[in-house]
Structures are given as C-alpha cells and as structure tokens.
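First comes the structure, then the notes that go with it.
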Amino acid sequence: MGLLSSPGTPLQWEEAKQHAHKVRALGINYFVSVYKQLKEKENNCLKWGDEVEYMVIEYDDEAKNAKLSLRIHEILAELRKEEEEALKMPNSEQTVKTLWRPEYGRYMLEGTPGTPYGGTLKSLLQTEPNMKLRREIISKFLKPNEVAITLTNFPRLGASGQFLEPNHESAGNAARSLFVPDEVINPHVRFPTLTANIRERRGSKVDINVPIFRDKCTLNPFIDPTIPLNRNLFPEDKESAALPDHIYMDAMVFGMGCCCLQITFQACNVEEARRLYDQLAVMGPIMLALTASAPIWRGYLSDIDCRWNVIAGSVDDRTREERGLEPLKHDRFVINKSRYDSIDCYISTDKTLKPEYNDLDLVYDRDICKKLMDNGVDELLARHISHLFIRDPLVIFKERLEHDDGDYYDHFENIQSTNWQTMRFKPPPPNSNIGWRVEFRSMEIQITDFENAAFAIFIVDENMKIAHKRDAAMSEKFWFRKNVFAEGNIVNDGDNIQENESLSIPDEEASNYSDNSRLNGHANTNESTLSVEDEYEQMTINEIINGNGDKFPGLNVLICRYLESVNIDIETRCQLGKYLEFVSRRAKGKIQTTATWIRNFVQSHPKYNNDSIVSQEINYDLVKMVEKIQNGQVVVPELLDCFK
C-alpha cells in the first residue's frame, strides 16, 4: 500500500494543499541527493521477493454467510510479535522466515518472505514452500470459524445484507459511501485521511461503474435496486453517478480493498533496474489477463474479469479541470489517467531503445525536469520522475513539516508511493544496503500457493484496457514485438544469473527465428531500416507465451531453452518445468483463469437465477470451495489440471 509514516497529525485537504509545492520540492531534493550518491552503486547479484495479500473471512455456518473479519489488527499484532522475537535471535536473517504488514482494508494483510530470494535458479524453488508457510503461520491466530484466503476481491463487499463481522451500517465522513462503512478502512490515520483527501481534492466522491454481465433474466435495463436513494444522502449523492447497465461503486475500498500478487526485484545497478522496468512493463497487461480473478462486484456478476480499472477509479483524485471536463483555471495540467494506471514512458538508456517507442504525449513538470537534468539526471529518467511529480501529496503530517531534519525520504515517498502504476522504479532507501529496485504490480492473486508461485516465477496502452475484457486471456490480442532477440546474452557465473544486454537463447537457436528481435521498445540494431510499426503486431496471449510457429517462438519456449542451456540439477529443472507448463496451459486455455472458474461456479450453482445476482448463500459456497481448493481438500481439474 506504500509508505506508512508514524502516526502524527494529518492535515485535511484544504490545509494540505497549501504545502503541496514544498513537499514536491523536498521530495525532488531527496531524489537528486540519492541519485548523485548512489548512481554508481553496485550489488553482487539479483535479489527478489514476492508480496501476497490475504483477506480474512469469518463464517456464519447457520446463516450460510461468509463475512469479512475486521479484527486484522489483533491478528497482525500476534504475527508481528513472532517476527520481533525472531529478530532478537542470532542469525536473524535465517530465523525470520516471513514478514507481515497491514493493508488498506481492515480485513487485509500482506505477507512476504523474511529475506529476499537470491539470484539463482535453485532459489526459485523456495517460493511455494514459503507461501505455504505463511498460510500456516496466519492460521495459528485465527478463530475456528475464520480462514485466510487469497481472492482478489470479496464478491459481496458493499452488497445488501451483512458482509462484515462485526456488522456496521454504511456511514462515515472519510469515504461517505452509500454501501460501506468507514470501519472497513484500516484505522491507521493515514488510510482514512487518504480516503477523505482523495474525495476532497477531486471535488466529489470517486465513481466507479462496471458493466453488468447480462444473463437471461438480468433486469433490462439494469438499474441497481439496492442503491439507497430514499435516505439522507451526502450532498455529492444528490445527483447519482450510477450508470444504467452498470454496477456502481463509490469508495476507495472497492479498489484498494483488493488483494494482489506483486514482485520486487533488486537489480545490480541503476541501469539494470531501468532495463528491467522497461522489459517487464510490456508484460503487465499479459500477466493481468492470465491471472484475471475478479468477475463479481457488490454481489453482481460483471462483464469484466480484472480489478485494475476499479482500483484506478477508486483513487482517481483528478479534478474536473484535470480530467478535461472544464478549462484549466485553478489546476496546472490536464491529466489523462488516474494515479493508478499503466506506465507512460520507458526509462532505460539502452542504446537500442528507439525514441519512437516513447510516443505518448507525456505530461510532466518542466521545472522539475530541468532541475533534475541540471543536477546530472538524464532526460529519460528526469521526465519519468517529473511526470510522477505532477501529482499532489495526499497525506501530509504536520510534524514532518514543522520538524524538518533534512531527511526528505518521506516527502519523496509521499508522491512516489501514491503513483500506483503497473511498474514502479524504486531508488535505494536511506541508511540501507538495499539497491535500486523495480516492482511488478499488475498480477491478480490466485487461489492456491502453486498458482501464485508459478506466476511469480514466470516473471524473473491499449493493452491494459484489452486485458480487462471478459475472458481476455483467450479471446483478445495484445500488441507485442515480433522479435525478442538482441545482440546481448546471458553470462553464467556458476548458478548465478547475470544479465548483460537481454535474456537470449543460444545463437544457434536464435538463428531459427531470423525475423525476430528484442522484446518491448528495445529494437535490434539490425532493424534500423524498419519502421517501428513493422516491429510489432497483435498476438494472442497463447502466441506470446507459447509461440506461433516459425515466426515467433514464444516466451515459454525461450525460458525452457535457456534452462536447457545451463547447468542445473534435475530436481530444480523438473519443478521449474511444472510451473512453466502450468503457465503455458493457462495461456492455451487448457486451464481456466480464476475469473472464468468463479463465473462458471456461480452460473452452475443451484440457487443462481440467471439474473447476475450472487446471493449470500452462493457467495458462502464459493468462499467455502475456495478454502477447500487452497487446502488441497478438493481437486478442480479445470483450474489446476494435473498440477495439484
């Protein structure tokens, strides 16, 4: 969720906006300082880790109701107690196996490995066992009728009836939601302040409209009968933002209350981090569609499969002027995206990056860009940072302004951590041996640890919109480079992987694909006579992952051939092969996405009335089935095939 400062006195928006310029300036000062000090910083090898987000459910078996448990603060306190005890032990880097952090929802928590994984192929096999360990540790602190599950969103959050334990009526001055109470928000002062300040800055509540899935008996037109129009509303509710044939949501928790799977890489140096950022950015929409798992919102089947656009809408703090609905008068920029969206530019200085690939009309603060360039930051990176800093800081603590000690990291992170894009480029934090990092952020959480491990391992702008479509993994095509080879290669140092120019397969294999060059915006130098438009085409996800004959080999094929070219033990190769085969079969459509499986479960439920409504009992049975699947109590071939 980003930066969690120590509790202090948060400024409400009217006061906070008066200090926005100062926070931006101090944040840029921090980046200039850290860039000058650490741009030459080298680390020995790649490190990485995953972040898995969980939601805790409490069952009422008699009423056949699965509800979100709001006692995460109690559970987290116990988890952190174990963590702190382990840190006191000798060789704590070996004894601390997991780390736990809060998230936006009061029913959510985030678990990570205790220390980063190494840059060896064998270290990849630690991923799934550590994820299983995290579930075991959580379960020690749950009540008999509670369970921690990995669903992207809770299907009946904001639906009619009781969906929280304990129950609360929808009310509160932070979100002012018609559907959810403020008690659903993490009580740390940052979160309700963030919620309120987004609403205040925008000048209205956020409005999210997701298209309804039209079944045989769905209302036509669909006008949500559960919207409470006959009650005392907040002023901004007098004119409803709900659209016909859409599921309407009006609060940050509908987006930021979603769970996801994120991967963070520590690169060897800043240049490698920038290359990783660019190379992984193009995978964002593909992995979003492959991991799609959110077809139900507020108790209705929707016509989308993914969370991304819902979250984008849930934190969209742009004013009417910034959204282009009114002429600029009080604001500085017209901004074409929410703070939560796809990236807008490549940042690598790789000599093969063609300028044509940075073809978006990037909105950035030119004064900040000039300051960065005057201090030695190259134009590509300066434009990226100054693009992030067109945003205002959303949560400012009074104490940080009054007692400025010269440490401006909080000010930088205040804006950096509230730009939620598919990729995040992360400078080293102060007083740390941590290096330059990138974070891959698009994937949705899966039901089982095997699935989450498989997708985590596999990952070592129209596309974003396409990825949201129902069953996009099977039915849509994505823009992708025809050629994924470059002149660089992989250097093997024992079992350590060191990137030189790009991930390649042996020359004799590359020669079989004479029409291929490098992934994403980085072009092979031999292609200089080609136009940019000739370097990419629309492909299905199956073609991207598994290839389309002699024209494009497929990413899975390249990875497998790379594994065959290095010296690894049979056990490691076989287990990695299972993960890769799972991803391959998901891309082929042999295994359903989680979203498709959920949709089919609902539509085949005996209590489903073909009206797009996911009732309390259907939701209860769905969550119970998810629990059984993740515990290995039932086998679901259409979801896991022969892998579990």
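In terms of the UniProt record's numbering, the sequence shown opens at residue 1 and continues consecutively. Glycine is no exception: its CB is placed at the ideal position from the N, C-alpha and C atoms. Since we're looking at a predicted model, the values are computed, not measured.
Quick check on PRO102: does DSSP put it in helix, strand or coil? For the purposes of this step, residue 102 is taken as residue 102 along the sequence shown, with counting starting at 1. If DSSP states are grouped into helix, strand and coil, PRO102 belongs with the strands.
Evaluate contact between the stretch 272-290 and the stretch 336-354, counting only Cβ atoms and requiring at least three cross-stretch pairs below 8 Å. Yes, the stretch 272-290 touches the stretch 336-354.
C-alpha distance - LEU142 paired with TYR59, whole-angstrom precision: Residue mapping note: residue 142 aligns to position 142 of the sequence shown, counting from 1. Residue mapping note: residue 59 aligns to position 59 of the sequence shown, counting from 1. Using only the alpha carbons, I get a separation of about 12 Å.
Nearest-angstrom beta carbon gap, VAL270 and TRP436 [assumed within contact, 8 Å]: Numbered from 1 along the sequence shown, position 436 holds the residue referred to as residue 436. Numbered from 1 along the sequence shown, position 270 holds the residue referred to as residue 270. Going by Cβ atoms, the distance from TRP436 to VAL270 rounds to 5 Å, so yes, they are a contact pair.
For LEU87, which residues in the same chain have their Cβ closer than 7 Å to its Cβ, ignoring the five residues on either side in sequence? Walking along the sequence shown from the start, residue 87 turns up at place 87. So the qualifying residues of the chain are VAL96.
Nearest-angstrom Cα separation, counted from ASN29 out to GLN37: In the sequence shown, residue 37 corresponds to position 37, counting from 1. In the sequence shown, residue 29 corresponds to position 29, counting from 1. So the two alpha carbons sit approximately 12 Å from each other.
Near residue 651, which residues of its chain fall below 7 Å by C-beta distance, leaving aside the five closest residues on each side in sequence? For the chain, the structure presents residues 1 to 644; residue 651 sits outside this window and is missing.
Compute the Euclidean distance between the alpha carbons of VAL636 and ASP569, then round it to the nearest angstrom. For the purposes of this step, residue 636 is taken as the residue at position 636 of the sequence shown. For the purposes of this step, residue 569 is taken as the residue at position 569 of the sequence shown. One C-alpha to the other measures close to 31 Å.
Rounded to a whole number of angstroms, what is the C-alpha to C-alpha distance between ALA454 and PRO553? The count along the sequence shown starts at 1 and reaches residue 454 at position 454. The count along the sequence shown starts at 1 and reaches residue 553 at position 553. Going from the Cα of ALA454 to the Cα of PRO553 covers about 20 Å.
Please list the segments of the alpha helix (DSSP H) lying wholly inside the stretch 296-365, counting only runs of 4 or more residues, in order along the chain. 308-314
Straight-line Cα distance separating LEU328 from GLU322: One-based indexing of the sequence shown puts residue 322 at position 322. One-based indexing of the sequence shown puts residue 328 at position 328. About 7 Å.
If you measure between the beta carbons of LYS249 and GLY158, is that distance less than 8 Å? If you number the sequence shown from 1, residue 249 lands on position 249. If you number the sequence shown from 1, residue 158 lands on position 158. Checking the sequence, you will find Met at residue 249 rather than Lys. Going by C-beta atoms, MET249 is nearer than 8 Å to GLY158.
Let's see if you can read the secondary structure: which residues bound the beta strand (DSSP E) around GLY49? Your numbering for residue 49 matches position 49 in the sequence shown. For GLY49, the enclosing beta strand (DSSP E) begins and ends at 47-60.
6 Å CB neighbourhood of ALA595 in its chain, flanking five on each side removed: Sequence index remark: in the sequence shown, residue 595 carries index 595 (1-based). For ALA595, where only same-chain residues beyond five positions count, the Cβ hits under 6 Å are ALA292, SER293, PRO295 and ASP305.
Would you decide whether residue 648 is buried or exposed? Buried here means 16 or more other CB atoms lie within 10 Å of its CB. Missing from the structure shown is residue 648; the chain here goes from 1 to 644 and no further.
In the DSSP assignment, what are the bridge partners of GLY111? Locating residue 111 in the sequence shown gives position 111, counting from the first residue. Under the DSSP definition of a beta bridge, GLY111 partners with VAL52 and TRP100.
Report the partner residues of SER69 according to the DSSP bridge assignment. Along the sequence shown, read from residue 1 onward, the residue named residue 69 stands at position 69. According to DSSP, which records beta bridges pairwise, SER69 is partnered with GLU165.
Reduced DSSP category for LYS607 - H, G, I as helix; E, B as strand; rest coil: On the sequence shown, position 607 is the one that residue 607 refers to. It is coil, neither helix nor strand.
Once the 5 residues before and after VAL34 are set aside, which same chain residues still bring their CB inside 6 Å of it? Numbered from its first residue, the sequence shown carries residue 34 at position 34. Correct list, in chain order: PRO427.
Between the Cα of HIS384 and those of GLN416, LEU353, GLU617 and ILE396, spot the shortest distance and give me the residue it belongs to. Reading the sequence shown from its first residue, position 384 is the one you call residue 384. Looking at the Cα atoms, GLN416 is the closest of the given residues.
Provide the residue(s) that pair with ARG437 in DSSP beta bridges, ordered along the chain. Position 437 of the sequence shown, counted from the first residue, corresponds to residue 437. Looking at the DSSP assignment, ARG437 forms a beta bridge with GLN266 and LYS426.
Beta carbon of ASN419, beta carbon of VAL395: below 8 Å? Start at 1 with the first residue of the sequence shown, and residue 419 comes out as number 419. Start at 1 with the first residue of the sequence shown, and residue 395 comes out as number 395. No.
Which one of LYS398, LEU388 and PRO430 has the shortest CA to CA distance from GLN421? As a working mapping, residue 421 is identified with position 421 in the sequence shown. Checking every option, the nearest Cα to that of GLN421 belongs to LEU388.
With ILE591 and LEU622 assumed to form a contact (beta carbons below 8 Å), what rounded beta-carbon distance in angstroms separates them? Residue numbering aside, residue 591 sits at position 591 when the sequence shown is read from its first letter. Residue numbering aside, residue 622 sits at position 622 when the sequence shown is read from its first letter. About 19 Å separates the two Cβ atoms, so there is no contact after all.
What are the boundary residues of the alpha helix (DSSP H) that ILE629 is part of? Position 629 of the sequence shown, counting from 1, holds the residue named residue 629. That run of the alpha helix (DSSP H) goes 616-630.
Rounded to the nearest angstrom, what separates GLY27 and ILE368 at their Cα positions? Working through the sequence shown from its first residue, we reach residue 27 at position 27. Working through the sequence shown from its first residue, we reach residue 368 at position 368. Distance between the alpha carbons of GLY27 and ILE368 is about 11 Å.
For THR600, the nearest candidate out of HIS188, PHE425, LYS628 and PHE213 (CA to CA): Here residue 600 corresponds to residue number 600 of the sequence shown, with the count starting at 1. It is Asn, not Thr, that sits at residue 600 in the sequence shown. Looking only at HIS188, PHE425, LYS628 and PHE213, the smallest Cα-Cα distance to ASN600 is reached by PHE213.
For ASN130, report the span of its alpha helix (DSSP H) as first-last. For the purposes of this step, residue 130 is taken as the residue at position 130 of the sequence shown. 127-139 is the span of the alpha helix (DSSP H), which, as asked, contains ASN130.
Would you call the stretch 160-174 in contact with the stretch 119-133, where contact means no fewer than 3 C-beta pairs closer than 8 Å? no
Three-state class that DSSP yields for ALA148 in the structure shown: Taking the sequence shown and counting its residues from 1, one reaches residue 148 at position 148. Correct three-state label for ALA148: strand.
Would GLY114 and THR98 be called neighbours here (beta carbons separated by less than 8 Å)? The residue given as residue 114 occupies position 114 in the sequence shown. The residue given as residue 98 occupies position 98 in the sequence shown. Taking 8 Å as the Cβ cut-off, GLY114 and THR98 qualify as a contacting pair.
Where the beta strand (DSSP E) containing ASN209 begins and where it ends: Stepping through the sequence shown from its first residue, residue 209 is reached at position 209. Run containing ASN209: 208-211, per the beta strand (DSSP E) assignment.
Can you tell me whether PRO192 is buried or exposed? The criterion is at least 16 other CB atoms within 10 Å of its CB, across all chains shown. The residue labelled residue 192 in the question sits at position 192 within the sequence shown. Under this definition PRO192 is a buried residue.
So GLN262 and LYS47 are in contact, right, with Cβ under 8 Å, and what is the actual spacing, rounded? The residue labelled residue 262 in the question sits at position 262 within the sequence shown. The residue labelled residue 47 in the question sits at position 47 within the sequence shown. The beta carbons of GLN262 and LYS47 sit about 15 Å from each other, so the pair does not count as a contact at 8 Å.
According to DSSP, is ASP507 part of a helix, a strand, or is it coil? On the sequence shown, residue 507 is found 507 positions in, with the first residue counted as 1. Reliability of the predicted coordinates at ASP507 is poor, the pLDDT of 33 falling under 50, and no value is obtained from them.
Along the chain, where does the alpha helix (DSSP H) that runs through MET287 open and close? For the purposes of this step, residue 287 is taken as residue 287 along the sequence shown, with counting starting at 1. Its alpha helix (DSSP H) spans residues 284-290.
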